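Student: I'd like to ask some things about the structure below.
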């Protein structure tokens, strides 16, 4: 049976989405979709308002979330995993002291006969006696030189012993999770450079692994975001920067990441002043596989125009000593740059 092509059929054939004429809206829609894929999830509000830096140098997002209830936004476990070791140890010591003071006050309020010791304790030392008994109970030391007398003191002793067991278990779990948590400690060069590269120029920065663990299949993605005038208003646009090499199978040394600035590059014709005026930011995302933990690790950072040096290149980081049979690099020279005249054509 022959089916006559109706208007609805023509729409379905010409535009599977059923949205009408592709020639009028298709290119715009495709461009919008490409923008959505490149904006990394910051959304249209950030693109339209274009307020400031998106990624901090340490990889954290430059975003503050407000309006959530305190308990809804509180994540003690994540905070304990992310905070530095000195802060964690200081917090643990403070919590340990506070818990023992709390139970010492409770024992002290039970009266002078609540705790019995072989040697009578002066009145001014009763609180210290209660405090050190609390320490012995909480840590399950149990010297036996002080014993609780009465129902209430023994109930407090039982409660504190339980709290001590739970506290040690939680602290052990947090410490184990911190040691077992994989992380990519990649050191980024403090500055990126625009350097001469095979007769043209290139945007470059350098990274090195700070840990002794090996990262394999390391992949890098770099995006340029800058503010442009679009439809009469300032809008943040995103551009993928093709790299000379996007992935390295092995990462034992340093890696200089290079984006050639050819005529097809979004940076072609740009200057340091124009990038600063457009509030340009280079977003860097790294993904690799950590052999020690057998897990994928991620890290990220960014560079702004004021962290970009025009007409420079990175100094050599290799220790060139012919008497050594191993490759050696000086990580301390990772950030060292030197002047490099750019080709006259650029």
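Numbering (our numbering), first residue to last: 2 to 347. The beta carbon of each residue, even a glycine, is placed where N, CA and C say it ideally should be. Owing to the predicted nature of the structure, the values given are computational and were not obtained by experimental measurement.
Would you decide whether residue 92 is buried or exposed? Buried here means 16 or more other CB atoms lie within 10 Å of its CB.
Tutor: In the chain shown, residue 92 corresponds to position 91, counting from 1. With fewer than 16 Cβ atoms within 10 Å of its Cβ, residue 92 is classed as exposed.
Student: In angstroms, rounded to a whole number, what distance separates the CA positions of residue 163 and residue 127?
Tutor: As a working mapping, residue 163 is identified with position 162 in the chain shown. As a working mapping, residue 127 is identified with position 126 in the chain shown. Cα-Cα distance, rounded: 24 angstroms.
Student: How many Å lie between residue 33 and residue 81 at the Cα?
Tutor: The sequence position of residue 33 within the chain shown is 32, counting from 1. The sequence position of residue 81 within the chain shown is 80, counting from 1. Residue placement at residue 33 cannot be trusted, given a pLDDT of 49 that sits under 50; the coordinates are not used to answer.
Student: Do the segment 314–330 and the segment 220–229 make contact, defined as three or more Cβ pairs closer than 8 angstroms?
Tutor: No: fewer than three Cβ pairs fall under 8 angstroms.
Student: With burial defined as no fewer than 16 other Cβ atoms inside 10 Å of the residue's Cβ, what is the status of residue 239: buried or exposed?
Tutor: By 1-based counting over the chain shown, the position of residue 239 is 238. With 16 or more other Cβ atoms within 10 Å, it is buried.
Student: Less than 8 angstroms between the C-beta atoms of residue 208 and residue 261, yes or no?
Tutor: Counting from 1 along the chain shown, the entry for residue 208 is found at position 207. Counting from 1 along the chain shown, the entry for residue 261 is found at position 260. Result no, Cβ atoms of residue 208 and residue 261 do not sit closer than 8 angstroms.
Student: If you follow the beta strand (DSSP E) that residue 203 is in, where does it begin and where does it stop?
Tutor: Walking along the chain shown from the start, residue 203 turns up at place 202. From DSSP, the beta strand (DSSP E) with residue 203 extends over 201–210.
Student: Would you kindly report the start and end of the unbroken beta strand (DSSP E) that includes residue 261?
Tutor: Counting from one through the chain shown, the residue named residue 261 turns up at place 260. Residues 255–262.
Student: Alpha carbon to alpha carbon, how far is residue 134 from residue 140? Give it in angstroms, no decimals.
Tutor: On the chain shown, residue 140 is found 139 positions in, with the first residue counted as 1. On the chain shown, residue 134 is found 133 positions in, with the first residue counted as 1. Rounded to the nearest angstrom, the two C-alpha atoms are 10 angstroms apart.
Student: Measure the alpha-carbon distance for residue 96 versus residue 89 and round it to whole angstroms.
Tutor: Here residue 96 corresponds to residue number 95 of the chain shown, with the count starting at 1. Here residue 89 corresponds to residue number 88 of the chain shown, with the count starting at 1. Taking the straight line joining both Cα atoms gives about 10 angstroms.
Student: Could you check the C-alpha separation between residue 292 and residue 181 for me, to the nearest Å?
Tutor: For this step, residue 292 is matched to residue 291 along the chain shown. For this step, residue 181 is matched to residue 180 along the chain shown. Each residue's Cα considered, the two are about 13 angstroms apart.
Student: Assuming residue 255 contacts residue 218 under a Cβ cut-off of 8 angstroms, what Cβ separation, rounded to an integer in Å, is found between them?
Tutor: Residue 255 sits at position 254 when you count from the first residue of the chain shown. Residue 218 sits at position 217 when you count from the first residue of the chain shown. At roughly 17 angstroms, the Cβ-Cβ gap does not stay under 8 angstroms, so residue 255 and residue 218 are not in contact.
Student: Can you name, in chain order, every residue of its own chain whose Cβ lies under 6 angstroms from the Cβ of residue 29, other than the five neighbours on each side?
Tutor: Along the chain shown, one-based indexing puts residue 29 at 28. Because the pLDDT at residue 29 is just 47, under 50, the model does not fix this residue reliably, and the value given afterwards should be weighed accordingly. There are no such residues.
Student: When burial is assigned at 16 or more other CB atoms within 10 Å of the CB, is residue 149 buried or exposed?
Tutor: As a working mapping, residue 149 is identified with position 148 in the chain shown. Looking at its Cβ environment, which holds 16 or more other Cβ atoms inside 10 Å, residue 149 is buried.
Student: CA-CA distance, residue 129 and residue 119?
Tutor: Against the chain shown, residue 129 aligns to sequence position 128. Against the chain shown, residue 119 aligns to sequence position 118. Cα-Cα distance, rounded: 15 angstroms.
Student: Which residues mark the beginning and the end of the alpha helix (DSSP H) in which residue 158 is found?
Tutor: The residue given as residue 158 occupies position 157 in the chain shown. 152–181 is the extent of the alpha helix (DSSP H) around residue 158.
Student: For residue 142, I'd like the list of residues in its chain whose CB is within less than 8 angstroms of its CB, leaving aside the five on either flank, ordered along the chain.
Tutor: The residue you call residue 142 lines up with position 141 of the chain shown. Counting only Cβ-Cβ distances below 8 angstroms, and skipping sequence neighbours, we find 136.
Student: How is residue 310 classed by DSSP in three states: helix, strand or coil?
Tutor: Here residue 310 is taken as the residue at index 309 of the chain shown, counted from 1. The answer is strand: DSSP assigns residue 310 an E or B state.
Student: Taking the CB atoms as reference points, tell me whether residue 189 and residue 206 lie closer together than 8 angstroms.
Tutor: Residue 189 sits at position 188 when you count from the first residue of the chain shown. Residue 206 sits at position 205 when you count from the first residue of the chain shown. Yes, the pair counts as a contact, with Cβ atoms nearer than the cut-off.
Student: Mind checking which residues open and close the beta strand (DSSP E) that includes residue 340?
Tutor: Residue numbering aside, residue 340 sits at position 339 when the chain shown is read from its first letter. Taken as a continuous stretch (DSSP letters only), the beta strand (DSSP E) holding residue 340 covers 338–340.
Student: How would you label residue 169, buried or exposed, when you count the other beta carbons within 10 angstroms and need 16 or more for buried?
Tutor: To locate residue 169, count along the chain shown from 1; it is residue 168. With fewer than 16 Cβ atoms within 10 Å of its Cβ, residue 169 is classed as exposed.
Student: Pull up the DSSP beta-bridge partners for residue 241, would you.
Tutor: Along the chain shown, one-based indexing puts residue 241 at 240. Per DSSP, 224.
Student: Decide if residue 57 is buried, meaning its Cβ has at least 16 other Cβ atoms within 10 Å, or exposed.
Tutor: To locate residue 57, count along the chain shown from 1; it is residue 56. The residue is exposed, with fewer than 16 neighbouring Cβ atoms inside 10 Å.
Student: Go through its chain and collect everything with a Cβ distance to residue 192's Cβ below 6 angstroms, but skip five positions before and after it.
Tutor: Walking along the chain shown from the start, residue 192 turns up at place 191. The residues are 308, 310.
Student: What would DSSP say about residue 218, mapped onto helix, strand or coil?
Tutor: Looking up residue 218 in the chain shown gives position 217. Strand at residue 218.
Student: Can you list, in chain order, the residues of its chain whose CB lies under 6 angstroms from that of residue 248, leaving out five sequence neighbours each side?
Tutor: Numbered from 1 along the chain shown, position 247 holds the residue referred to as residue 248. These residues qualify, in order along the chain: 220.
Student: Determine which residues share a DSSP beta bridge with residue 229 and list them.
Tutor: As a working note, residue 229 is residue 228 in the chain shown. According to DSSP, which records beta bridges pairwise, residue 229 is partnered with 236.
Student: Report all residues from its chain with a CB closer than 8 angstroms to the CB of residue 172; omit the five preceding and five following residues, and keep chain order.
Tutor: What you label residue 172 is simply residue 171 of the chain shown in a count that begins at 1. These residues qualify, in order along the chain: 93.
Student: Which stretch, first to last residue, makes up the beta strand (DSSP E) that contains residue 250?
Tutor: Within the chain shown, numbered from 1, the residue matching residue 250 stands at position 249. Per DSSP, residue 250 belongs to the beta strand (DSSP E) from 248–251.
Student: In or out: residue 279 buried (at least 16 other Cβ within 10 Å) or exposed?
Tutor: Against the chain shown, residue 279 aligns to sequence position 278. So residue 279 ends up on the buried side.
Student: Return the bridge partner residues of residue 193 from the DSSP annotation.
Tutor: Within the chain shown, residue 193 is the residue found at index 192, counting from 1. For residue 193, which the question treats as bridged, DSSP gives the partners 309.
Student: For the segment 85–160, which segments carrying the alpha helix (DSSP H) assignment without a break, of at least 4 residues, lie completely within its bounds, in sequence order?
Tutor: Complete alpha helix (DSSP H) runs here, min 4: 86–110, 127–139.
Student: Could you compute how far the alpha carbon of residue 271 sits from the alpha carbon of residue 301?
Tutor: Counting from one through the chain shown, the residue named residue 271 turns up at place 270. Counting from one through the chain shown, the residue named residue 301 turns up at place 300. Rounded to the nearest angstrom, the two C-alpha atoms are 24 angstroms apart.
Student: Count the other CB atoms within 10 Å of the CB of residue 304; is the residue buried (16 or more) or exposed (fewer)?
Tutor: As a position in the chain shown, residue 304 is number 303, starting the count at 1. Result: buried.
Student: Whole angstroms are fine: how far does the CA of residue 183 sit from the CA of residue 294?
Tutor: Here residue 294 refers to the residue found at position 293 when the chain shown is read from its first residue. Here residue 183 refers to the residue found at position 182 when the chain shown is read from its first residue. For residue 294 and residue 183, the distance between alpha carbons rounds to 6 angstroms.
Student: I'd like the span of the beta strand (DSSP E) that includes residue 351, first residue to last.
Tutor: Because residue 351 is not part of the residues shown, which for the chain are 2 to 347, the question remains open.
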